[in-house]
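Colleague:
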Amino acid sequence: MGNLQIETKKSLLTMNTMALPSTAEYFCSTSTIDEVQKALSFARKHNLAVTPLGAGSNVVLASNLSGLVVHLALKGWESVVPQGVSTGYVDVTFAAGENWHDMVLMCLERGWYGLENLSLIPGNMGAAAIQNIGAYGVELSSRLVSLQVIDIHSGTCSGLDREACQFSYRDSVFKQSLKDKCIITHLTLRLSTEPNINIDYPALNAYFVALDKDPTPQLVSNAVCKIRREKLPDPNELANVGSFFKNPVIARSALAHVQAIDGSVEVPFYPQADGSVKVPAAWLIDQCQFRGVRRGDVGVHDKQALVLVNYSKEGDNNSAKEVLALAKEIQAAVKVRFGIDLEVEPRIYGSF
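For the sequence shown, the working numbering assigns the number 29 to the initial residue and increments by one for each residue that follows.
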């Protein structure tokens, strides 16, 4: 199809950070909107399902993926001063294939602020919007202006504003009504040209109290990177997809039930604007004694119970099934003890 190369039986082992052996029936890498549209045309012509793939940092892949895997390698960014808003802002449009952390650092270098709390989150720009990534008191949705998408079924391009994205905690319209219906190609974020420091998150606040320095955006980024590296394994050294479960948001009445289970233990929680509370999934998993547990070639990280890891060095075809089996074991234990449902965070592709 023109210059677009369609491959068959493509190994995705090195294209997902969980290091799961997976083979795509058809595969192509796209670096322009035109190439994405050509790939989608090929899929329609041959009646193939489409699986978009970025950095593979938030996916669990089956050993075989039928249909066409479209790797999004669109690069580039541009900035403009937004019209009709107060001074002190810049709108930056990023291609979906740009690395998230690289773009955070690029913005810091140019004096564009607001993303520093989201430093070192793995993955690419496009997936960041799907997931509405968040960390240390900041979510992507607070900075997003608009997105550009391509309809998978028609190949047409369109734009969505922030409201249309229906963002919520680790969720968006792309995981709901638009799931499997479009591909994000670009996103525009509104960043500040003046620092707006946010160190309300307890771990960050404690870091700067100990540091005894006034926080700057660069220092906040450095702090976030340090804290994340201490808590989370590097996927390049130990295969993982970061947090495997969402932190459950429950009613205050449910929190009272959890507290009543063991009155001697103080249940950590974070109040939400609607009156509900968010309970750390890692704490729930810890209470069920799963931290450091290993099942075959997969296990729960010994420093962060939210993270499932793949120890396999041989590309074992059972790895994905073992990961999901362990996840279900954890979910069942938390449900039995606390009555809380844990939701898996990464996207699961393929049949198991």
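A virtual CB, placed ideally from N, CA and C, is assigned to each residue, including glycine.
1. Would Leu312 and Phe366 qualify as a contact pair, given that the criterion is a beta-carbon distance under 7 angstroms?
2. Would you give the residue range spanned by the alpha helix (DSSP H) that Arg72 belongs to?
3. Within 10 angstroms of its Cβ, does His74 collect 16 or more other Cβ (buried), or is it exposed?
4. Do three or more CB pairs link the region 164-172 to the region 215-223 at distances below 8 angstroms?
5. When the Cα atoms are used, what is the spatial distance from Ile358 to Ser50?
6. For Lys259, which residues from the same chain have a beta carbon less than 8 angstroms from its beta carbon, with the 5 sequence-adjacent residues on both sides left out?
7. Whole angstroms is fine: what's the gap from Glu167's alpha carbon to Leu146's?
8. Contact check, Asn152 vs Gly187 under 8 angstroms by CB: the rounded distance?
9. Which residue comes first and which comes last in the alpha helix (DSSP H) that contains Pro49?
10. Can you check whether the CB of Tyr377 is closer than 7 angstroms to the CB of Leu89?
11. Can you tell me where the alpha helix (DSSP H) with Pro80 in it begins and where it stops?
12. Compare the beta carbon distance of Val305 and Arg280 with 7 angstroms and say whether it is the shorter of the two.
13. Which residues share a DSSP beta bridge with His214?
14. Taking C-alpha atoms, which residue in Ala47, Met46, Thr45 and Ala52 lies nearest to Thr36?
15. In terms of residue numbering, what span does the beta strand (DSSP E) encompassing Ala267 cover?
16. Could you check if Val328 is buried or exposed, using at least 16 other CB atoms within 10 Å of its CB as the buried criterion?
17. Is the closest heavy atom of the ligand PLP to the C-beta of Val277 under 6 angstroms?
18. Check this for me: beta carbons of Ala355 and Val372, under 7 angstroms apart or not?
19. Just verifying my parser: in three-state terms, what is the DSSP assignment at Asp199?
20. Go to Tyr377, then tell me how far its beta strand (DSSP E) extends in each direction, as first and last residue.
Modeller: Taking the definition as stated:
1. For the 7 angstroms CB-CB criterion, Leu312 and Phe366 form a contact.
2. Arg72 -> alpha helix (DSSP H) spans Ile61 to Lys73.
3. Around the beta carbon of His74, fewer than 16 other beta carbons sit within 10 angstroms, so the residue counts as exposed.
4. In short, these stretches touch, since the Cβ pair count reaches three.
5. Rounded to the nearest angstrom, the two C-alpha atoms are 24 angstroms apart.
6. Around Lys259: Lys331 and Gln332.
7. When rounded, the separation of the alpha-carbon atoms in Glu167 and Leu146 is 8 angstroms.
8. That pair is no contact at about 19 angstroms.
9. Run containing Pro49: none; DSSP gives neither H nor E here.
10. Yes, they are a contact pair.
11. Where Pro80 is concerned, there is no enclosing alpha helix (DSSP H), although the beta strand (DSSP E) around it starts and stops at Val78 to Leu81.
12. A contact, by the Cβ cut-off of 7 angstroms.
13. For His214, which the question treats as bridged, DSSP gives the partners Ala123 and Gln176.
14. Residue Ala52 is the option with its Cα nearest to Thr36.
15. Counted as a single uninterrupted DSSP element, the beta strand (DSSP E) harbouring Ala267 occupies residues Ala267 to Ser271.
16. Under this definition Val328 is a buried residue.
17. The ligand PLP is not part of the structure shown, which contains no ligands of any sort.
18. Yes.
19. Of the three classes helix, strand and coil, the one that applies to Asp199 here is strand, per DSSP.
20. Its beta strand (DSSP E) spans residues Arg375 to Tyr377.
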